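**Student:** Just so it is clear: in the sequence shown, position 165 is 167 by the numbering used here, and no numbers are missing. Backbone N, C-alpha and C fix where the C-beta goes; we use that ideal spot for every residue, glycine too. Since the model is a prediction, treat every value here as computed from it, not as a measurement.
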Amino acid sequence: MFELNQLEQLLAIDEYKTLSKAAEHLNISQPALSRSIQRLEEELEVTLFERQKNKLTFNEDGVQALDYAKRILELSHEMKESLVSAAKARRTISIGSIAPAPMWLLSPEISRLHPEMMIQSELETGEKLEKGLQDGTYQIIITNDPTVDKDTIAVEYCEEDLYVALPPAHPLASRNELSLSDLNGQSILQYRDVGFWLDICKAKMPNSMFLMQDEFAVLDELRRSSALPSFATNLTGNVPESDHRVMVPLTDDEVNVIFYIKYKKAGKALFKDVAPLT
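#1: When the Cα atoms are used, what is the spatial distance from Asp147 to Tyr262?
#2: Hey, how far is the Cα of Pro117 from the Cα of Asn258?
#3: Could you check the C-alpha separation between Gln54 and Lys72 for me, to the nearest Å?
#4: Starting from Lys264, follow its DSSP beta bridges and name the residues at the other end.
#5: Quick check on the burial criterion: 16 or more other C-beta atoms within 10 angstroms. Buried or exposed for Ile74?
#6: Can you name, in chain order, every residue of its own chain whose Cβ lies under 7 Å from the Cβ of Tyr193, other than the five neighbours on each side?
#7: Can you have a look at Val166 and say buried or exposed, based on whether 16 or more other CB atoms are within 10 angstroms of its CB?
#8: Give every residue of the same chain whose Cβ lies closer than 8 Å to the Cβ of Leu13, excluding the five residues on either side of it in the sequence, and list them in chain order.
#9: Can you tell me which residues form a DSSP beta bridge with Lys57?
#10: Can the beta-carbon of Ser96 be found closer than 8 Å to that of Gln136?
#11: For Ile15, count neighbouring Cβ atoms within 10 angstroms of its own Cβ and tell me buried if that reaches 16, exposed if not.
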């Protein structure tokens, strides 16, 4: 039976038009390519080319064989990608979350429970997380919506409360609590990948400028060297004392959040031992 590499050789001849150029592309000698094509013709029991001096042209059978070769190679690539993807999915637990801190806590916990599995995680909107849980994109999600259907389990996982971190000399630093509206108009140091938190803050603080940072190390350095407010939560930890910051709790309901983990009942064996942090 012919081999896939012989079909690839047919495609190379079609693309490069001559045996010599096709052989150069395939990194084999021209005689080796010629012998391989002759063996293919013997296997198929047809002649594929009109052979003239210094010229090789596909005949009618060759054109049909070329069409089959393209389809067979496409199917072989599709087969490999599908099998690799399926095998990877069986060894991977995908976590989706609307906020980063609960995900940072959940990922190592699941890794500890299932060391044989690869863990991947990402931030997404609640709508996309729910859809992804249904279609298998995620095996478990973190959301602030406890609503479930008959095939889904929701477990209260943790509570996260937002604080504003202020220099002691800031006019608002003496307050026992604040709302986001109290901060409206302030320039705020902000880590970029905070999920749904950012949408809430922007909606409640439309006149504020958010100075986005991609790295925590840079954000921490700016906290130490500037008088600009920033945010922290009970899950991300208090700002280090060396930063000379005062942590003031925020009272808005939207930023004091109970998070739930959700997974399909079919995946209960994977996640039943995840310990809630509440």
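**Tutor:** Looking at the coordinates:
#1: In the sequence shown, counting from the first residue as 1, residue 147 sits at position 145. In the sequence shown, counting from the first residue as 1, residue 262 sits at position 260. Cα-Cα distance, rounded: 7 Å.
#2: Here residue 117 refers to the residue found at position 115 when the sequence shown is read from its first residue. Here residue 258 refers to the residue found at position 256 when the sequence shown is read from its first residue. Cα to Cα, the separation comes out at about 33 Å.
#3: Along the sequence shown, one-based indexing puts residue 54 at 52. Along the sequence shown, one-based indexing puts residue 72 at 70. Roughly 25 Å separates the two Cα atoms.
#4: The sequence position of residue 264 within the sequence shown is 262, counting from 1. DSSP output for Lys264 lists Ile143 and Ala156 as bridge partner(s).
#5: One-based indexing of the sequence shown puts residue 74 at position 72. Burial call: exposed.
#6: Within the sequence shown, residue 193 is the residue found at index 191, counting from 1. Within the same chain, Tyr193 has close Cβ partners Gln215, Phe218 and Leu221.
#7: In the sequence shown, the residue the question calls residue 166 occupies position 164. Buried, because 16 or more other Cβ atoms sit within 10 Å of the Cβ of Val166.
#8: By one-based count along the sequence shown, residue 13 stands at place 11. Cβ within range, chain order: Leu68, Ala71, Lys72 and Leu75.
#9: In the sequence shown, counting from the first residue as 1, residue 57 sits at position 55. In the DSSP output, where bridge partners are listed per residue, Lys57 has Gln54.
#10: For the purposes of this step, residue 96 is taken as residue 94 along the sequence shown, with counting starting at 1. For the purposes of this step, residue 136 is taken as residue 134 along the sequence shown, with counting starting at 1. No; because the gap between Cβ atoms is not below 8 Å, this pair is not in contact.
#11: Translated into the one-based positions of the sequence shown, residue 15 becomes position 13. Buried.
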